[in-house]
Amino acid sequence: MKITKTANGNKLSLALAGRMDTNTAPELETVLKSSLEGVSELIIDMKELDYLSSAGLRVLLGAQKTMNKQGSMKVTNVNETIMEIFDVTGFIDILTIE
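Quick note on numbering: my numbering labels position 45 of the sequence shown as 29, and the sequence is numbered without any gaps.
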């Protein structure tokens, strides 16, 4: 998985490409832990993300919990396959998806 990070003041955008699975989800978790201090708006762009596993869902849930305390989080450009995963798992009700 490739993570492209763009910071602008208190806004952070992460563009994800490839597969977020058991092997790559910890990489996103590390980036989030080191980047969220002082961030009030987090955008996770999934335009190039092909696959999302339960490990990836766990990382997204952790990010959402953190951002609930310090601002907002949006997930953007979700493809049909990943939207179906969000729907089946109930994440569609937890995340702000645009």
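All C-beta atoms, glycine included, are put in the ideal place defined by N, C-alpha and C.
Computed from a predicted model, the values in this text were never measured in an experiment.
- Contact check for Met30 against Arg3 fails: the beta carbons are separated by 8 Å or more.
- Under the DSSP assignment, Ile66 falls in the alpha helix (DSSP H) whose first and last residues are Glu64 to Thr73.
- According to the DSSP assignment, Met51 belongs to the alpha helix (DSSP H) that extends over Ser38 to Gln54.
- By alpha-carbon distance to Leu16, the top candidate from Ile66, Ser(-3) and Ala1 is Ser(-3).
- In this structure, the straight-line span from the alpha carbon of Phe70 to that of Asn61 is close to 13 Å.
- Comparing C-alpha distances from Asn(-6) to each of Ile(-13), Ala9 and Ser56 shows the shortest one belongs to Ser56.
- For Ser18, the uninterrupted alpha helix (DSSP H) run begins and ends at Ala9 to Ser19, by DSSP.
- The DSSP-derived three-state label of Ile78 is coil.
- In the three-state reduction of the DSSP assignment, Asp34 falls in the strand class.
- If you ignore the 5 residues before and after Gly46, its C-beta comes within less than 8 Å of the C-beta of Glu13 and Leu16, all in its own chain and listed in chain order.
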